[in-house]
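Asker:
Protein chains in written order, with our numbering: chain A, 2 to 209; chain B, 48 to 174.
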């Protein structure tokens, strides 16, 4: 162990004993329960971090609502699930104001997938997140947050209202519950595994 | 003789914007562009290195925090600094050989790696 450590010390870029990290995003509009979901499965209370976004750092010339404003601060909450000494999952709940975090390339890049939470009483607040992941080609599942076990719409109704691709999984559940939050993440991982298995076929079909 | 700036509150409006970048001596972007929110950072054992010398207190706080490897976002949260400022400080420590980093796999590789995905799945099922 000692000799291995000193070798890494001289070569800081070489993968060392630090665990591998993977990232999932939890998105949806304001107030749909993103931080609640993160908190339900995280081994630590959700932690807040923030970033300054500028038009320059976002790589865009002009954004509606940001014209004339060079810098804004966005804050997000994230949690951690240690899978093993070699592997850690980070869950980032995206900030409520989509037009800001959509520009945050570091937040989106490297995400293996996303959960988009929807509230059936306010489906429209999650439309922008769904559009965003579709356009960026980030795999996602939709979680219908059923507070207090309340289900006022069927899965088919929600799918239709969201105009959801039939291949995108949709899961109903109360994300305050750890088992429901976990099942939502499992649905995402299963979706990723199906895509991985079908990857080559899909690529051929897409180009046809 | 009075001056027109008399009575002005020093630094008020710009304070929250400017101050974090004084820690970085005015730099607003790191030299490297490959540090991400989930790049893992681990402190290198001190024994073989020269004394910490003129590191800023924030650099030292990162070294303390990363004796247990931590993601860049966690370090930013611990130090209560914006992510971009934290990146510059970590970049300094990489240059000095004080920390080693582990970058995540690109999503298009990790997302298609069934071994990795299965490990995540098994871990989630233990929750």
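Where is the CB? At the ideal position from N, CA and C, for every residue including glycine.
Does the segment 164-176 of chain A come close enough to the segment 140-148 of chain A that 3 or more CB-CB pairs lie under 8 Å?
Answerer: yes
Asker: Enumerate in chain order the residues of its own chain whose CB-to-CB distance from residue 122 of chain A is below 8 Å, with the five nearest sequence positions on each side excluded.
Answerer: Numbered from its first residue, the first chain carries residue 122 of chain A at position 121. Cβ neighbours of residue 122 of chain A beyond the five flanking positions: 153.
Asker: From residue 83 of chain A to residue 192 of chain A, what distance separates their C-alpha atoms?
Answerer: Sequence index remark: in the first chain, residue 83 of chain A carries index 82 (1-based). Sequence index remark: in the first chain, residue 192 of chain A carries index 191 (1-based). Residue 83 of chain A and residue 192 of chain A: Cα-Cα distance of roughly 21 Å.
Asker: Looking at the unbroken beta strand (DSSP E) that takes in residue 126 of chain A, where does it start and where does it end?
Answerer: Residue mapping note: residue 126 of chain A aligns to position 125 of the first chain, counting from 1. Where residue 126 of chain A is concerned, there is no enclosing beta strand (DSSP E), given that its DSSP letter is neither H nor E.
Asker: By how many angstroms is the C-alpha of residue 138 of chain B removed from the C-alpha of residue 37 of chain A?
Answerer: Working through the first chain from its first residue, we reach residue 37 of chain A at position 36. Working through the second chain from its first residue, we reach residue 138 of chain B at position 91. Answer to the nearest angstrom: the Cα atoms are 33 Å apart.
Asker: At least one CB of chain B closer than 8 Å to the CB of residue 110 of chain A: is that the case?
Answerer: The residue given as residue 110 of chain A occupies position 109 in the first chain. Closer than 8 Å to some Cβ of chain B, the Cβ of residue 110 of chain A qualifies, so yes.
Asker: Under 9 Å between beta-carbons, which chain B residues line up against residue 187 of chain A? List them in chain order, please.
Answerer: In the first chain, counting from the first residue as 1, residue 187 of chain A sits at position 186. Within 9 Å Cβ-Cβ: 168, 171 and 172.
Asker: Tell me residue 82 of chain A's beta-bridge partners as DSSP assigns them.
Answerer: Numbered from 1 along the first chain, position 81 holds the residue referred to as residue 82 of chain A. For residue 82 of chain A, which the question treats as bridged, DSSP gives the partners A/90.
Asker: If we require 4 or more residues per run, which alpha helix (DSSP H) segments fall completely within the segment 134-192 of chain A?
Answerer: 156-163
Asker: Give the range of the alpha helix (DSSP H) segment to which residue 114 of chain A is assigned.
Answerer: Start at 1 with the first residue of the first chain, and residue 114 of chain A comes out as number 113. It is not in any alpha helix (DSSP H) - residue 114 of chain A instead sits in the beta strand (DSSP E) that spans 112-119.
Asker: Check each residue of the segment 107-130 of chain B: if its Cβ is closer than 7 Å to any Cβ of chain A, include it; give the result in chain order.
Answerer: 116, 118, 120, 121, 123, 124, 129 and 130
Asker: Against chain B, does residue 96 of chain A count as a neighbour if the rule is that its beta carbon must be under 8 Å from one of theirs?
Answerer: Taking the first chain and counting its residues from 1, one reaches residue 96 of chain A at position 95. No, residue 96 of chain A lies away from the interface with chain B (no Cβ there is under 8 Å from its Cβ).
Asker: Chain B partners of residue 1 of chain A, CB-CB under 7 Å?
Answerer: Because chain A in this structure spans residues 2 to 209, residue 1 of chain A falls outside the shown range and cannot be described.
Asker: Among the residues of its own chain, which have a CB less than 6 Å from the CB of residue 134 of chain B, if the five just before and after it don't count?
Answerer: Locating residue 134 of chain B in the second chain gives position 87, where the first residue counts as 1. Within the same chain, residue 134 of chain B has close Cβ partners 77 and 82.
Asker: Taking any Cβ of chain B, which residues in the segment 16-29 of chain A have a Cβ under 8 Å from it, in chain order?
Answerer: 16, 17, 18, 19, 20, 21, 22, 23 and 24
Asker: Let me make sure I understand the geometry here. Which of B/101, B/117 and B/156 has the alpha-carbon closest to that of residue 198 of chain A?
Answerer: Here residue 198 of chain A refers to the residue found at position 197 when the first chain is read from its first residue. Of B/101, B/117 and B/156, the residue nearest in Cα terms is B/156.
Asker: Confirm, please, whether the CB-CB distance from residue 168 of chain B to residue 190 of chain A is below 8 Å.
Answerer: Taking the first residue of the first chain as 1, we reach residue 190 of chain A at position 189. Taking the first residue of the second chain as 1, we reach residue 168 of chain B at position 121. Yes, the Cβ-Cβ distance between residue 190 of chain A and residue 168 of chain B is below 8 Å.
Asker: Determine, using beta-carbon pairs with one atom in the segment 72-80 of chain A and one in the segment 145-161 of chain B, whether at least three such pairs fall under 8 Å.
Answerer: no
Asker: Whose Cβ in chain A lies nearer than 7 Å to the Cβ of residue 85 of chain B?
Answerer: Along the second chain, read from residue 1 onward, the residue named residue 85 of chain B stands at position 38. Correct list: 22, 24, 91 and 111.
Asker: Taking C-beta to C-beta, are residue 130 of chain B and residue 113 of chain B nearer than 8 Å?
Answerer: Numbered from 1 along the second chain, position 83 holds the residue referred to as residue 130 of chain B. Numbered from 1 along the second chain, position 66 holds the residue referred to as residue 113 of chain B. In this structure, residue 113 of chain B does not lie closer than 8 Å to residue 130 of chain B by Cβ.
Asker: Could you tell me which of B/122, B/174, B/116 and B/118 sits nearest to residue 108 of chain B, measuring between CA atoms?
Answerer: By 1-based counting over the second chain, the position of residue 108 of chain B is 61. Per the Cα distances, B/122.
Asker: I'd like to check one pair, residue 47 of chain A with residue 79 of chain A: are the Cβ atoms closer than 8 Å?
Answerer: What you label residue 79 of chain A is simply residue 78 of the first chain in a count that begins at 1. What you label residue 47 of chain A is simply residue 46 of the first chain in a count that begins at 1. Yes, the Cβ-Cβ distance between residue 79 of chain A and residue 47 of chain A is below 8 Å.
Asker: If residue 81 of chain A and residue 89 of chain A are in contact, beta carbons under 8 Å, what's the gap, nearest whole angstrom?
Answerer: Counted from its first residue, the first chain places residue 81 of chain A at position 80. Counted from its first residue, the first chain places residue 89 of chain A at position 88. With 8 Å as the limit, residue 81 of chain A and residue 89 of chain A qualify as a contact, their Cβ atoms being about 6 Å apart.
Asker: Let me see if you follow: with CB-CB separation under 8 Å, is residue 77 of chain B close to chain A or not?
Answerer: By 1-based counting over the second chain, the position of residue 77 of chain B is 30. Judged by the 8 Å Cβ criterion, residue 77 of chain B is not in contact with chain A.
Asker: Is it true that the CB of residue 105 of chain B sits closer than 8 Å to the CB of residue 141 of chain B?
Answerer: Taking the second chain and counting its residues from 1, one reaches residue 141 of chain B at position 94. Taking the second chain and counting its residues from 1, one reaches residue 105 of chain B at position 58. In this structure, residue 105 of chain B does not lie closer than 8 Å to residue 141 of chain B by Cβ.
Asker: So, under 8 Å CB-CB, residue 118 of chain A and residue 29 of chain A are touching, yes? Tell me the CB distance rounded to an integer number of Å.
Answerer: Along the first chain, one-based indexing puts residue 118 of chain A at 117. Along the first chain, one-based indexing puts residue 29 of chain A at 28. Between residue 29 of chain A and residue 118 of chain A the Cβ distance is about 4 Å, and since that is below 8 Å, they are a contact.
Asker: Considering Cα atoms alone, identify which of B/115, B/119, B/68 and B/90 is closest to residue 53 of chain A.
Answerer: Mapped onto the first chain, residue 53 of chain A falls at position 52. Nearest neighbour of residue 53 of chain A by Cα position, chosen from B/115, B/119, B/68 and B/90, turns out to be B/68.
Asker: Flag residue 130 of chain A as yes if its beta-carbon sits less than 8 Å from any beta-carbon of chain B, otherwise no.
Answerer: On the first chain, residue 130 of chain A is found 129 positions in, with the first residue counted as 1. No, residue 130 of chain A does not count as interfacial toward chain B.
Asker: Kindly say whether residue 57 of chain B, judged by its beta-carbon, lies nearer than 8 Å to any beta-carbon of chain A.
Answerer: Along the second chain, one-based indexing puts residue 57 of chain B at 10. Summary for residue 57 of chain B: the model assigns pLDDT 49, below 50, so the residue's position carries little reliability, and this model does not support an answer.
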